[in-house]
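Enquirer: Quick note: the sequence shown uses this note's numbering, first residue 182, plus one each step.
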Amino acid sequence: MDLHAGETVVFDGHPSWRSTMGFYLKGLALVLVVGAIVFVAVDEVAGGVAAFVLFDTVVLLGLLKRAATRYVITTERLHIRRGILSRATQETRIERVQNVNTQQSILERLLQVGTVDFDTAGTDDSEFRFTGVADPEDVVRAVDRAQREGSAGTPAPTA
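1. So the beta strand (DSSP E) residue 313 belongs to, where does it begin and stop?
2. Closest to residue 303 by CA distance: which of 266, 261, 277, 205 is it?
3. Indicate whether residue 254 and residue 324 have their beta-carbon atoms separated by less than 8 angstroms.
4. From 249, 239, 182, 295, pick the residue whose C-alpha is nearest to that of residue 267; which is it?
5. Looking only at C-alpha atoms, which of 208, 209, 231 sits nearest to residue 219?
6. Buried or exposed: which applies to residue 308, given that a residue is buried once 16 or more other Cβ atoms fall within 10 Å of its Cβ?
7. Can you name, in chain order, every residue of its own chain whose Cβ lies under 7 angstroms from the Cβ of residue 301, other than the five neighbours on each side?
8. If we require 4 or more residues per run, which alpha helix (DSSP H) segments fall completely within the segment 243-309?
9. Would you identify the three-state DSSP class for residue 216, choosing helix, strand or coil?
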């Protein structure tokens with residue numbers, strides 16, 4: 182992300198590795214099932230090899246899924262970039278942020294991750310959110326800090 186003159190980064194991060202635990206647990210279940218099927222249907226070595234290859238694939242996909250998403254808060258903008266080969270980018274001006282809401286399920290509270298949802302002025306973009314971030318309250322504080330720093334650099338309106 183290219184910064185404008187005078188713009189500073191307040192928060193830069195990815196979804197937490199803890200937020201991908203569900204993906205890894207489902208992948209582990211798949212590894213065990215496929216490994217057991219190949220173990221019984223073919224032989225022990227093939228079952229072990231199949232489980233090993235599938236396990237490595239699940240770990241790699243989880244790492245790529247996490248690394249492919251980047252969240253940035255600057256003194257001027259909120260920025261979300263998703264994807265490695267193809268990219269999707271969302272961006273809004275920090276002064277357009279009206280409400281910042283956090284959501285955490287019981288499991289997410291235990292894992293200390295959550296979703297930060299941003300309501301922005303004049304848009305119907307209901308999907309502007311940072312999903313799976315560690316300590317969502319830290320993201321809320323970063324937005325508050327960015328809004329204060331952004332408004333401090335703007336001259337006060339005159340009457």
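Note that the Cβ used here is the ideal one computed from N, Cα and C, for glycine as well.
Expert: Walking through what the data contain:
1. 310-315
2. 277
3. yes
4. 249
5. 231
6. exposed
7. 273, 277, 278, 279, 309
8. 287-292
9. helix
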